[in-house]
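Participant: One structure is given below, represented as structure tokens, and several questions about it will come after.
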Amino acid sequence: MPEEALTLYMADPSRGDLTEEQKALAHRCLGEVRGSFQRTIWNVMLCDQMLKDDIIRNLREFRNLNRRRYAGGGAPETRCEPLCAPGQDTPIPPHPEGV
8 MPEEALTLYM
18 ADPSRGDLTE
28 EQKALAHRCL
38 GEVRGSFQRT
48 IWNVMLCDQM
58 LKDDIIRNLR
68 EFRNLNRRRY
78 AGGGAPETRC
88 EPLCAPGQDT
98 PIPPHPEGV
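Residue numbering for the sequence shown follows my numbering, starting at 8 and increasing by one per position.
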């Protein structure tokens, strides 16, 4: 897939010289990247709020709350897991102001 055509398509889907298959792949990958960015931003906001509320003392504690996501399914679940590690099956709330 030509990088220049891909960049042009991502900036404006009506432009770019890509086949329909390449457009579908680019669109799917863009969705995955956006989802990853959303989860990262959610985690940063949640960590910041937990630090302000003295729920955790540092970033390492927050990371340890998320250890199951990074370690795989074999690690024990923490009591904060559903709150601290929203997965793809637990969507990010549309209005996270109350967090």
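The C-beta atom is built at its ideal place from N, Cα and C for all residues, glycine as well.
To the nearest angstrom, how far is the alpha carbon of T14 from that of D61?
Facilitator: Cα to Cα, T14 sits roughly 43 Å from D61.
Participant: So, are the CB atoms of A12 and L25 less than 8 Å apart?
Facilitator: For A12 and L25, yes; Cβs fall inside 8 Å.
Participant: Helix, strand or coil: which one does DSSP assign to T26?
Facilitator: The answer is coil: DSSP assigns T26 none of H, G, I, E or B.
Participant: Could you spell out the range, first to last residue, of the alpha helix (DSSP H) harbouring R67?
Facilitator: Taken as a continuous stretch (DSSP letters only), the alpha helix (DSSP H) holding R67 covers 66 to 72.
Participant: Note down, in chain order, each residue of its chain lying with its Cβ closer than 8 Å to the Cβ of E27, except the 5 sequence neighbours on either side.
Facilitator: Excluding positions up to five away in sequence, the list is empty.
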